[in-house]
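S.K.:
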Amino acid sequence: IIADTWRADHLGCYGSTRVKTPNLDKFAAQGTLFADAAAEGLPTIPCRRVYHTGKSVLPEAKWEPLSSNDITLAEVLDKHGVTTGFIVDTYHYFKPDYNFHRGFQSWHWVRGQETDRWKSGPQDKFDPKKHMPAHLWNKGYDANMRQYLMNTQERKGEQDYFCAQSCGVAMDWLEKNARGGPFMLWIDMFDPHEPWDAPPRFQKMYRDEYPYERCLFGYGVRNADIRPEDLPLIRDLYAAEVTFSDYCIGRLLERVEELGLADNTIIAFSTDHGTHLGERGCVQKTPALLNSCVTHIPLIIRHPDKTFAGKRVTGLVSAIDFMPTFLALLGITDYDNVDGQNMWKLATGEVPSLHDNVYTVFSRFGAIRNSDWHYFQNVRAKDPGKGPCLYDLRTDPKQQKNVIAD
Numbered sequence: 170i171i172a173d174t175w176r177a178d179h180l181g182c183y184g185s186t187r188v189k190t191p192n193l194d195k196f197a198a199q200g201t202l203f204a205d206a207a208a209e210g211l212p213t214i215p216c217r218r219v220y221h222t223g224k225s226v227l228p229e230a231k232w233e234p235l236s237s238n239d240i241t242l243a244e245v246l247d248k249h250g251v252t253t254g255f256i257v258d259t260y261h262y263f264k265p266d267y268n269f270h271r272g273f274q275s276w277h278w279v280r281g282q283e284t285d286r287w288k289s290g291p292q293d294k295f296d297p298k299k300h301m302p303a304h305l306w307n308k309g310y311d312a313n314m315r316q317y318l319m320n321t322q323e324r325k326g327e328q329d330y331f332c333a334q335s336c337g338v339a340m341d342w343l344e345k346n347a348r349g350g351p352f353m354l355w356i357d358m359f360d361p362h363e364p365w366d367a368p369p370r371f372q373k374m375y376r377d378e379y380p381y382e383r384c385l386f387g388y389g390v391r392n393a394d395i396r397p398e399d400l401p402l403i404r405d406l407y408a409a410e411v412t413f414s415d416y417c418i419g420r421l422l423e424r425v426e427e428l429g430l431a432d433n434t435i436i437a438f439s440t441d442h443g444t445h446l447g448e449r450g451c452v453q454k455t456p457a458l459l460n461s462c463v464t465h466i467p468l469i470i471r472h473p474d475k476t477f478a479g480k481r482v483t484g485l486v487s488a489i490d491f492m493p494t495f496l497a498l499l500g501i502t503d504y505d506n507v508d509g510q511n512m513w514k515l516a517t518g519e520v521p522s523l524h525d526n527v528y529t530v531f532s533r534f535g536a537i538r539n540s541d542w543h544y545f546q547n548v549r550a551k552d553p554g555k556g557p558c559l560y561d562l563r564t565d566p567k568q569q570k571n572v573i574a575d
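FYI, in the numbering used here the residues of the sequence shown are 170 to 575.
1) Using C-beta distances below 7 angstroms, list every residue in its chain close to P234, excluding the 5 sequence neighbours before and after it, in chain order.
2) Return helix, strand or coil for W287, following the three-state DSSP convention.
3) Taking G223 and C216 to be in contact with their CB atoms under 8 angstroms, please state how far apart those CB atoms are, rounded to whole angstroms.
4) Assuming I435 contacts L202 under a Cβ cut-off of 8 angstroms, what Cβ separation, rounded to an integer in Å, is found between them?
5) Considering only residues of the same chain and omitting the five flanking positions on each side of T253, which have a CB-CB separation below 8 angstroms?
6) Short of 6 angstroms in beta carbon distance, which residues of its chain neighbour V338, apart from the five on each side in sequence? Order them along the chain.
7) Using alpha carbons as the reference points, say which of T213, K264, A208 lies closest to W287.
8) What span of residues does the beta strand (DSSP E) with G337 cover, start to end?
9) If you compare alpha carbons, which of D474, G479, Y330, A478 is closest to L498?
10) Alpha carbons only, please: which of S532, K555, Y560 is nearest the one belonging to R549?
11) Once you ignore the five residues that flank R420 on each side, which residues in its own chain have a CB closer than 7 angstroms to its CB?
12) Tell me whether A437 sits in a helix, a strand or coil according to DSSP, three-state version.
13) Just mark N511 as buried or exposed, buried being the case when its beta carbon has 16 or more other beta carbons within 10 Å.
14) In whole angstroms, what is the alpha-carbon distance linking Q372 and D357?
15) Might you give, ordered along the chain, the residues of its own chain that have their beta carbon closer than 8 angstroms to the beta carbon of V520, omitting 5 neighbours on each side?
16) What is the DSSP secondary structure of W513, reduced to helix, strand or coil?
17) What runs of the alpha helix (DSSP H), each 4 residues or longer, lie entirely inside the segment 375-429?
18) Counting Cβ pairs, one atom from each stretch, are 3 or more of them under 8 angstroms apart for the segment 342-351 and the segment 423-439?
19) Between M314, A206, D311, R187, which lies nearest to D441 when the distance is taken from Cα to Cα?
20) Per DSSP, T564 is paired with what?
21) Among the candidates F386, T174, A574, N571, whose CA atom is the shortest distance from the CA of D405?
22) Under three-state DSSP, which class holds K555?
23) Can you name the start and end residues of the beta strand (DSSP E) that R471 belongs to?
24) Starting from the Cα of T476, find the closest Cα among S225, L193, Q199 and give me that residue.
25) Is there contact here, the segment 181-199 with the segment 308-322, by at least three beta-carbon pairs under 8 angstroms?
26) Looking only at its chain, what residues have a beta carbon closer than 6 angstroms to the beta carbon of L305, apart from the 5 residues adjacent to it on each side?
27) Quick one: what's got a C-beta closer than 6 angstroms to Y260's C-beta in the same chain, skipping five residues either side?
28) Taking the CB atoms as reference points, tell me whether A177 and H472 lie closer together than 8 angstroms.
29) Output needed for S414: all residues of its chain with C-beta closer than 8 angstroms, excluding positions within five of it in sequence on either side, in chain order.
30) Are the segment 526-542 and the segment 481-500 in contact at 8 angstroms, needing three or more beta carbon pairs?
31) The alpha helix (DSSP H) that contains L193, what's its start and end?
32) Using the C-alpha atoms, what's the distance from H221 back to F495?
33) Expressed to the nearest angstrom, what Euclidean distance is found between the alpha-carbon atoms of R315 and M301?
Pasting the structure below:
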């Protein structure tokens, strides 16, 4: 299960005391939590190229389709007799010629997320200004949100929200496919990515009253237009989206239990990256501030072997380690065209560590992290962004103080 734009510190099992994530917290108690997992290439598509191929996208992390030379996890599993399914509402996968569904025996695309060009009218029925402070409006944002409002015009209830649809399709796929032998189902949810538009009952968990009947915050707002007084509302909208996503995933995990699959199925949960929520003036993922808000990712793997339940693994792991780990867990040893390592060896205690450093690249900025330090800078141009920046993780784990001058 990949959920897009999920800050690790917005999970109770990663230390949040404010954001409600009871289902993934329960899942973490049943599984193994990796405390020090890092994204490698951002944003959406570079990250997924890493996940699907096990190959690094550094040094530039280009946004580009799978190449004809790429070999995907689904293709490897298909050759080993594994039934594979791909259920997606992350619409970037299906841009022309991207081919991420290649190798899957079945795939299902839930249409309509964000600016997916699904509905084309009526254009004049919707006005994004009714759902946001006027000072955040710009023409690009208007176009983005107008598309989203058209895409959601037929929504009637929580079951029609995109992450609920994806999890519902996943439940149906499991009912039809999980009895016939080994399987791998890849669920890729765009939530809690923007627009932050959770059902009202989830929004009300974080504040009683909102300034608009349907209060939205989407992609395209300029950081320079955001005022300090906007930040509490933005944080509440994101928290509500996280809690709703947790709820949908929880329903899926309950169905796994009901189908009797929990005792012989490995389940993994992660994301592609986090987001900024006002840190140093940044809202939404910002390359110029390549700190742990975006580079630190949650990773939880539930293994049927209950000796791993509740285990917390420290030690650096990276997105490049996902595919080699999944292959190893499935006992597939004849494919080694990957750049990462089997991180499950950390859980079993076979090795004390995998990496001395992990690396993340997003646009023109690059970061390097080890157990003591996190450093980032612009690697391809002169604009320093919010860097160069060095954090001493031993004394400043929340990365509040730049000590580069020292």
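A virtual CB, placed ideally from N, CA and C, is assigned to each residue, including glycine.
M.R.: Taking the coordinates as given:
1) Here the set comprises D266, Y267, N268.
2) Note: W287 maps to coil in three-state DSSP.
3) Not really, about 13 angstroms apart at Cβ, beyond 8 angstroms.
4) Cβ-Cβ separation between I435 and L202: approximately 15 angstroms, too far for a contact (criterion under 8 angstroms).
5) Counting only Cβ-Cβ distances below 8 angstroms, and skipping sequence neighbours, we find A243, L246, D247, G272, F273, Q274, S275, F352, M353, L354, W355.
6) Same-chain partners within the cutoff: I256, H277.
7) Closest in alpha carbon position to W287, among T213, K264, A208, is K264.
8) Going by DSSP, G337 is part of no beta strand (DSSP E) but of the alpha helix (DSSP H) stretching over 331-346.
9) Minimum Cα-Cα distance from L498 among the listed residues D474, G479, Y330, A478 corresponds to D474.
10) Comparing alpha carbon positions, the residue from S532, K555, Y560 closest to R549 is S532.
11) For R420, where only same-chain residues beyond five positions count, the Cβ hits under 7 angstroms are C336.
12) DSSP places A437 in strand when its eight states are reduced to three.
13) Sixteen is the threshold: when 16 or more other Cβ atoms of the shown chains lie within 10 Å of the Cβ of N511, as they do, the residue is buried.
14) Taking the straight line from one Cα to the other gives about 23 angstroms.
15) Within the same chain, V520 has close Cβ partners K514.
16) W513 falls in the helix class under three-state DSSP.
17) Runs of the alpha helix (DSSP H) inside the segment 375-429: 400-427.
18) Touching, yes, given that three or more Cβ pairs across the two stretches are closer than 8 angstroms.
19) Comparing Cα-Cα distances from D441 to each of M314, A206, D311, R187, the minimum goes to A206.
20) Per DSSP, none; premise fails for T564.
21) Measuring from the Cα of D405, the nearest candidate turns out to be F386.
22) K555: coil per DSSP, three-state reduction.
23) Counting along the chain, the beta strand (DSSP E) containing R471 begins and ends at 468-471.
24) The option with the nearest alpha carbon to T476 is Q199.
25) Touching, no.
26) Excluding sequence neighbours, L305 sits near V390, D394.
27) Excluding residues up to 5 positions away in sequence, Q282, D285 lie with their Cβ nearer than 6 angstroms to the Cβ of Y260 in the same chain.
28) In this structure, H472 does not lie closer than 8 angstroms to A177 by Cβ.
29) In its chain, beyond the 5 residues on either side, A172, W175, C332, M358, D360, P361 have a beta carbon closer than 8 angstroms to the beta carbon of S414.
30) Contact holds: three or more Cβ-Cβ distances are below 8 angstroms.
31) 191-199 is the extent of the alpha helix (DSSP H) around L193.
32) So the two alpha carbons sit approximately 11 angstroms from each other.
33) Approximately 12 angstroms between the Cα atoms of the pair.
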